[in-house]
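Quick note: the sequence shown uses my numbering, first residue 2, plus one each step. Don't be surprised by glycine CBs; every beta carbon is placed ideally from N, CA and C. Input: a single structure, listed below in structure tokens.
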Amino acid sequence: MVTSLSFTQSHFTSDFKMTRRKFKPCPSCQAPNQLSRKTCSSCFTTISKKPKVMAKKVSLDRKWGERVLKNRNAGRVVDSAYIAVKKLSSLGYVPILFFARKDKASGKWVADVVTHLPPTEDNLKIVATMRKAYHFLLIKEGCRKCSRQQIFKYDSITGTRMNEGQSEVRVKWLPCM
């Protein structure tokens with residue numbers, strides 16, 4: 002038995018409205034980012050404004066690092082980073098941790114990658130490429146073309162802003178000489 006149903010316009014109107022995505026500006030570059038993001042999509046700085054996180058960041062300065070090295074606790078910090086990567090992967094994230102330090106004897110960078118991605122052929126290729134890019138970032142020390150240049154000329158000022166009470170300008174640089 003087939004019954005016919007007639008719908009009026011009132012059946013298709015909804016009583017609720019879809020909310021738009023909420024955005025907040027990055028504290029350093031002012032680019033709009035979704036509220037759920039923890040890092041800026043353009044400059045990769047941390048966006049989190051939680052008081053507990055901010056207080057912890059303030060305490061982790063150069064003096065803290067010197068105390069850790071002096072007391073020979075750097076291994077514990079590295080171990081806790083390994084554990085943090087494992088915890089993030091248990092929560093459903095896909096973390097990849099790159100870390101490096103300069104060897105005192107040779108002066109070369111010693112780097113490592115920690116991830117819990119399955120070792121498939123594609124994943125190994127991608128991580129190897131990322132490792133090469135990370136190594137390039139470590140060994141690159143400024144622009145080789147203009148390393149002795151002391152004056153950098155600019156074409157025009159493209160914008161200004163205030164950041165923590167200091168005036169900043171954005172400029173369009175001219176090529177190196």
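By the three-class DSSP mapping on this structure, what secondary structure does residue i have?
{"i": "residue 176", "result": "coil"}
{"i": "residue 124", "result": "helix"}
{"i": "residue 69", "result": "helix"}
{"i": "residue 25", "result": "strand"}
{"i": "residue 77", "result": "helix"}
{"i": "residue 137", "result": "helix"}
{"i": "residue 168", "result": "strand"}
{"i": "residue 89", "result": "helix"}
{"i": "residue 83", "result": "helix"}
{"i": "residue 63", "result": "helix"}
{"i": "residue 46", "result": "coil"}
{"i": "residue 106", "result": "coil"}
{"i": "residue 52", "result": "helix"}
{"i": "residue 129", "result": "helix"}
With distances taken between CB atoms, is the gap from residue i to residue j smaller than 8 Å?
{"i": "residue 161", "j": "residue 173", "result": "no"}
{"i": "residue 39", "j": "residue 49", "result": "yes"}
{"i": "residue 139", "j": "residue 106", "result": "no"}
{"i": "residue 78", "j": "residue 69", "result": "yes"}
Out of the options, which has the shortest C-alpha to C-alpha gap to residue i?
{"i": "residue 21", "options": "30, 28, 29, 35", "result": "35"}
{"i": "residue 103", "options": "136, 129, 31, 119", "result": "136"}
{"i": "residue 44", "options": "54, 31, 51, 53", "result": "31"}
{"i": "residue 119", "options": "42, 95, 164, 58", "result": "95"}
Can you tell me the Cβ-Cβ gap for residue i and residue j, rounded? I've got them flagged as a contact below 8 Å.
{"i": "residue 75", "j": "residue 98", "result": "Residue 75 to residue 98, Cβ: 15 Å. No contact."}
Could you tell me whether the region 153-172 touches the region 110-127, where touching means 3 or more Cβ pairs closer than 8 Å?
no
Would you be able to state if there are at least three C-beta pairs under 8 Å between the region 74-86 and the region 98-117?
yes
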